[in-house]
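21 is the number that full-length UniProt numbering gives to position 21 of the sequence shown; each next residue is one higher, with no gaps.
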Amino acid sequence: MLFRIDHQSPLSLSDQVAASVRRALADGSAGPGERLPAARELATSLEINLHTVLRGYQKLRDEGLVELRRGRGAVISDGAGPGHGRLIERIHELAAEARAIGLSDEELLTLIRGTLSPDSTR
């Protein structure tokens, strides 16, 4: 799995770590059951702080994409397939685009809820 970090990006380093895993899920280069690199090793190879990698892994855990197991490290969850990773990546892109045009998170959620309501027209 290839981890890419751009120190010039407005995206935080931990978000970039998480995005690398999401991309790997989306393109099929990583799948359920696969172990992620040890946080310490990844931090050393990317020349970033260990806690930055751990924050990225924790975001993935919160999204249900990764299980963090003491002694085993980070493992891609069984339910994390290509569609799941692609969808979450697109959600992050949508949120970034909404913020770029000045929408608050609540305004974006209101738009999404309106789109999901059964009586909305598409």
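Quick reminder that beta carbons are idealized off the backbone N, C-alpha and C, glycines included. Given the structure is predicted, the values throughout are model-derived calculations rather than measurements.
Would alanine 100 be called buried (16 or more neighbouring beta carbons within 10 Å of its own) or exposed? Under this definition alanine 100 is an exposed residue.
Run of the alpha helix (DSSP H) containing glycine 33, from where it starts to where it stops: Following the DSSP letters along the chain, one finds glycine 33 in no alpha helix (DSSP H), marked with neither H nor E.
What is the C-beta distance between glycine 33 and aspartate 62, in whole angstroms, given that I count them as a contact (C-beta under 8 Å)? In fact, because the Cβ distance is near 20 Å, the residues do not count as touching under 8 Å.
Which residues in the same chain have their Cβ closer than 6 Å to the Cβ of valine 21, if we skip the five residues on either side of it in sequence? Excluding five sequence positions before and after valine 21, the CB atoms of its chain that fall closer than 6 Å to its own CB belong to Leu60, given in chain order.
State yes or no: is the C-beta of leucine 35 within less than 8 Å of the C-beta of valine 75? For the record, residue 35 in the displayed sequence is arginine; it is not leucine. Closer than 8 Å, so yes.
Determine, using beta carbons only, whether leucine 65 comes closer than 8 Å to chain B. Absence of chain B from the displayed structure is noted, only one protein chain being present.
Going by alpha carbons, who is nearest to leucine 13 out of Leu54, Ser29, Glu41? Of all alpha-carbon atoms in Leu54, Ser29, Glu41, the one lying nearest the alpha-carbon of leucine 13 is that of Leu54.
Mind checking whether tyrosine 57 and leucine 68 have CB atoms under 8 Å apart? Contact flag set, yes.
First through last residue of the beta strand (DSSP E) which encompasses isoleucine 76: For isoleucine 76, the uninterrupted beta strand (DSSP E) run begins and ends at 73–76, by DSSP.
By DSSP's criteria, arginine 90 is part of a beta bridge. Which residues make up the other side? Per DSSP, none; premise fails for arginine 90.
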